[in-house]
């Protein structure tokens, strides 16, 4: 009985030693060592002092800095219908990858629920061109005439006839 | 700020009490951690569904109806919770409760868990601090957030009677057929606040981001160990793509949450055989589809995998072989129904293949030579091995997959292969989609690939940590499927 107990105790010690030095233990050590090294070496992109200022304004809810997206298009709002669709004329016709289309997106964001049609199909149109002569060309080719001028190259146009 | 936090915690508690009621009779391990991770997204999902249904049925009173319905729902659920108290909700681990931390041996045994928790907490605080500094710089988010997601929210909030304008074919550039979980959550919050607060969308985005990390902690701590859970959650927090896309308020992070949470709860359901867990998993799959089109693709794959499991049960002549599929479908029903209404009735003119090449042309595009395939696979390779972005996650995933394959016969069936299968199937689907894209391929890859990798990245992390932890795995002491 005594020998048996002693033998079992020896077996247990041996098995616990095997457990500590076993392949799984080394595998865990390597895996978690690598993960911890990655975590501790990770860095967040650096931020400047302006981010701290912005956060302060953000928390205080400063509406002058955090303006509504597309506020530049507020000049058109009084002349537009409350609902329905109007066309949107830019320097060039709509091209999916053209950066200029962001103006259309921004205007839509500000003026929703009015629908801005990128194609010149609607009775009225918002003209949003960088220069007056470009606006004239665009209106002529799309069949519009200027009804209300709001700035150089910008205004409300109506379909001819 | 107080109102913002009230709206946020309203969604959290709505989700908490809903999940609590649904899981009343299920023995989900570490359920409080699961609730912490899943409550906000589930609350957001239900509120967006309520808002959508109100707009559909009575647009002129939609704001009032959706808010009142949400309040009634939470009152009912709180009442239910009080009448059916669930002590086990707050029990993390019965063994943990019995442990005496002042005992030296116990303390030493618990030390890795405590240290890894500390690491997680410090990383989370650092990341939250960074988020609070970076979010105001891009307060309206990236392009998709500005012009797709919040645009739809504006239609819902500004003029409920004209909300269907968002589906007009004239707004072809705004992806009119996109589902409405994210915009619905924004609009619901704006209704609550009474104005279009620019601070609400970043807070919602942050909620989904933190939830992703917590759901990983829940799964890994439940099925591997506490140390693995906290370290896995920390590793997720240091992956920059998740943090940056949540700062940009893209719907890919919420989609990541629902894909990850659905897959992990599905594995938990298959391991435990609890019917209610299948319902939760189905609900999360439905919300994945209700978040982005890619979520529908994911749901289709899950249905195929679960269908296969049920079919094999049928061949083995198990009792109720299709019970898991029924439970899953029951959970997914409402969100899928809402998405179906958009796809079939509100924006039937727009779908991916409809705007681009149809099947015969797609076949031509698909077999247009190896150059395209090599370009796509090359792009996947470049993005996946970028250490700056993914910190070696995809390499670790491949090693874990090899190890899993080698050890498959030695380990008891635990359904971990489902996580591997979903990661592979989702990415193969994206390879296929790039083949048939109607857009310029390079432009499409550049603008979307890194975001597409987000969807399965968290699952790859869960799979890797579970399979590369070689000892101390918690035993699966429950039947593997409902009988």
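Chains as they are written, first to last, in the working numbering: chain E, 2 to 162; chain B, 71 to 553.
A virtual CB, placed ideally from N, CA and C, is assigned to each residue, including glycine.
This one's a predicted model, so the numbers in the text were calculated from it and none came from an experiment.
Contact set for residue i: own chain, Cβ-Cβ below 6 Å, skip 5 residues either direction
i, result
"residue 121(E)", "88, 143"
"residue 132(B)", "124, 125, 230"
"residue 283(B)", "303, 306, 307"
"residue 188(B)", "none"
"residue 211(B)", "318, 319"
Best match in the options for proximity to residue i [C-alpha to C-alpha]
i, options, result
"residue 124(E)", "140(E), 67(E), 40(E), 132(E)", "140(E)"
"residue 74(E)", "119(E), 147(E), 106(E)", "106(E)"
"residue 535(B)", "152(E), 58(E), 36(E)", "36(E)"
"residue 151(E)", "132(E), 138(E), 49(E)", "132(E)"
"residue 400(B)", "354(B), 413(B), 537(B)", "354(B)"
"residue 460(B)", "531(B), 497(B), 501(B), 441(B)", "531(B)"
"residue 413(B)", "463(B), 375(B), 362(B), 390(B)", "362(B)"
"residue 505(B)", "474(B), 440(B), 538(B)", "440(B)"
"residue 231(B)", "216(B), 137(B), 320(B), 129(B)", "129(B)"
"residue 446(B)", "502(B), 476(B), 186(B)", "502(B)"
"residue 91(B)", "77(B), 135(B), 127(B), 145(B)", "145(B)"
"residue 377(B)", "388(B), 395(B), 365(B)", "395(B)"
"residue 141(B)", "285(B), 100(B), 181(B), 79(B)", "79(B)"
"residue 69(E)", "139(B), 266(B), 310(B), 194(B)", "266(B)"
"residue 67(E)", "213(B), 192(B), 247(B), 269(B)", "269(B)"
"residue 97(B)", "183(B), 112(B), 346(B), 181(B)", "346(B)"
"residue 75(B)", "513(B), 494(B), 500(B), 271(B)", "271(B)"
"residue 238(B)", "135(E), 65(E), 113(E), 126(E)", "113(E)"
"residue 127(E)", "96(E), 53(E), 77(E)", "77(E)"
"residue 325(B)", "250(B), 389(B), 291(B)", "250(B)"
"residue 104(B)", "344(B), 319(B), 335(B)", "335(B)"
"residue 151(B)", "180(B), 203(B), 95(B), 380(B)", "95(B)"
"residue 285(B)", "261(B), 331(B), 118(B)", "331(B)"
"residue 52(E)", "182(B), 203(B), 134(B), 178(B)", "203(B)"
"residue 39(E)", "466(B), 264(B), 522(B)", "466(B)"
7 Å Cβ cut-off: residues of chain B touching residue i
i, result
"residue 1(E)", "Here chain E comprises residues numbered 2 to 162, so residue 1(E) is not present and cannot be evaluated."
"residue 161(E)", "Within chain B, no residue comes near residue 161(E); the closest Cβ sits about 21 Å away, beyond 7 Å."
Nonlocal neighbours in the same chain, by C-beta distance under 7 Å from residue i, ignoring five residues either side
i, result
"residue 101(E)", "91, 92, 93"
"residue 149(E)", "80, 156, 157"
"residue 257(B)", "121, 223, 226, 227"
"residue 449(B)", "515, 519"
"residue 197(B)", "307, 313"
"residue 425(B)", "Note that residue 425(B) scores a pLDDT of 46, beneath 50, so its modelled location is shaky; the value from the coordinates is reported in the next line. For residue 425(B), where only same-chain residues beyond five positions count, the Cβ hits under 7 Å are 508."
"residue 416(B)", "234, 237"
Residues that residue i contacts on chain E, provided the C-beta gap is smaller than 8 Å
i, result
"residue 308(B)", "39, 40, 43"
"residue 362(B)", "Simply none; closest approach about 19 Å."
"residue 513(B)", "98"
"residue 304(B)", "40"
"residue 71(B)", "60, 62"
"residue 461(B)", "39, 43"
"residue 301(B)", "33, 36, 37, 40"
"residue 232(B)", "84, 114"
Where residue i meets chain B, residues with beta-carbon distance less than 8 Å
i, result
"residue 28(E)", "538, 540"
Where residue i meets chain B, residues with beta-carbon distance less than 9 Å
i, result
"residue 110(E)", "210, 216, 217, 220, 221, 224"
"residue 48(E)", "200, 203, 204, 207"
"residue 53(E)", "203"
"residue 121(E)", "Correct list: empty, because the minimum Cβ distance to chain B is about 12 Å."
"residue 79(E)", "Residues of chain B passing the Cβ test: none, with the nearest at roughly 17 Å."
Partners in chain E for residue i, counting only beta-carbon separations shorter than 7 Å
i, result
"residue 228(B)", "113, 114"
"residue 454(B)", "Ordered by position in chain E, no residue passes the 7 Å Cβ test against residue 454(B), which lies about 16 Å from the chain."
"residue 268(B)", "67"
"residue 386(B)", "Per Cβ cutoff of 7 Å: no residues; residue 386(B) is ~32 Å from chain E at best."
Contact set for residue i: own chain, Cβ-Cβ below 8 Å, skip 5 residues either direction
i, result
"residue 72(E)", "111"
"residue 492(B)", "329, 333, 368, 371, 372, 375, 526, 529"
"residue 384(B)", "391, 392"
"residue 164(B)", "Confidence in residue 164(B) is poor, its pLDDT being 49 and thus under 50, which makes the residue's placement unreliable; the coordinate value appears in the next sentence. Nothing listed; no residue qualifies."
"residue 408(B)", "119, 122, 123, 249, 250, 360"
"residue 115(E)", "81, 82, 83, 84, 85, 86, 87"
Interfacial residues, the segment 60 to 76 of chain E to chain B, with Cβ spacing under 8 Å: 60, 62, 67, 69, 70
Length-filtered (4 minimum) alpha helix (DSSP H) runs lying within the segment 465 to 512 of chain B: For the alpha helix (DSSP H) assignment, the uninterrupted runs of no fewer than 4 residues enclosed by the segment 465 to 512 of chain B are, from N- to C-terminal side, 487 to 505.
Residues of the segment 117 to 143 of chain B whose Cβ lies closer than 7 Å to any Cβ of chain E, in chain order: none
Chain E contacts from the segment 236 to 260 of chain B (Cβ-Cβ distance under 9 Å): Flagged, chain order: 236, 238, 240, 241, 242, 243, 244.
Sequence ranges, alpha helix (DSSP H) only - wholly within the segment 72 to 145 of chain B, length at least 4: 72 to 92, 101 to 127
Contacting positions in the segment 131 to 143 of chain E - beta carbon closer than 9 Å to chain B: none
Length-filtered (4 minimum) alpha helix (DSSP H) runs lying within the segment 208 to 247 of chain B: 220 to 228
Secondary structure, beta strand (DSSP E): runs of 3+ residues fully inside the segment 22 to 67 of chain E: none
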